[in-house]
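Student: Take the sequence shown: its letters are residues 0 to 105, numbered as in numbering that gives the first Met the number 0.
Let me give you the structure first, and then I'll get to my questions.
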Amino acid sequence: MNAVRIASALLVDDDAASSQANQQRLEGDGYSVVTARDRTEGLGRARQGAPNVIFIHLGANGAGSLPLIEALRADDACRHIPVVVLTGQSSATASAKLRPVNRDLW
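Below is the structure:
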């Protein structure tokens with residue numbers, strides 16, 4: 000019998016409408032999704048739930064998201080978790096601090 004493994008995902012998004020849309024999209028892709036509204040809640044849920052991947056919606060200027068990514072990388076319990084940045088905008092400040100990772104690696 001083959002067991003289907005569902006990847007757990009944490010979605011951090013402070014906008015209710017985009018959070019709901021992103022959650023539906025991720026669940027449609029087979030993820031079991033837990034949501035968080037801000038950096039503090041996101042870091043706490045990442046520590047507590049140890050998701051397979053963390054999706055972070057990057058705001059217009061990245062001010063709230065980049066410190067969360069830095070906090071995740073500084074935390075021994077979370078630094079191994081891949082982080083995927085979701086954005087509908089181009090942000091030179093954010094892209095200068097982020098590097099793309101092949102989806103096969105997460």
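Just so you know, even glycine gets a beta-carbon here, dropped at the ideal spot from N, CA and C.
Here the structure is a predicted model, which is why all the values come from computation and not from measurement.
I need the DSSP call for Ala16, collapsed to helix, strand or coil.
Tutor: helix
Student: Could you tell me which of Gly41, Leu57, Val83, Leu25 sits nearest to Asp74, measuring between CA atoms?
Tutor: Ranking Gly41, Leu57, Val83, Leu25 by CA distance to the CA of Asp74 puts Gly41 first.
Student: If you check the beta carbons only, do Leu25 and Ala8 fall under 8 Å apart?
Tutor: A contact, by the Cβ cut-off of 8 Å.
Student: Do you know how far the Cα of Val82 is from the Cα of Ile68?
Tutor: In this model, Ile68 and Val82 are separated by some 8 Å (Cα to Cα).
Student: Between the alpha carbons of Asn21 and Arg72, how many angstroms are there, rounded?
Tutor: 23 Å
Student: By the 10 Å Cβ neighbour count, where 16 or more other Cβ atoms means buried, how is Arg38 classified, buried or exposed?
Tutor: buried
Student: Please determine, among Phe54, Ile5, Cys77, the residue with the shortest C-alpha to C-alpha distance to Gln19.
Tutor: Phe54
Student: Where does the unbroken beta strand (DSSP E) through Thr34 begin, and where does it stop?
Tutor: 31-35
Student: Where Gly43 and Ser64 are concerned, what is the direct C-alpha to C-alpha distance, given to the nearest angstrom?
Tutor: In a straight line, the C-alpha of Gly43 is about 15 Å away from that of Ser64.
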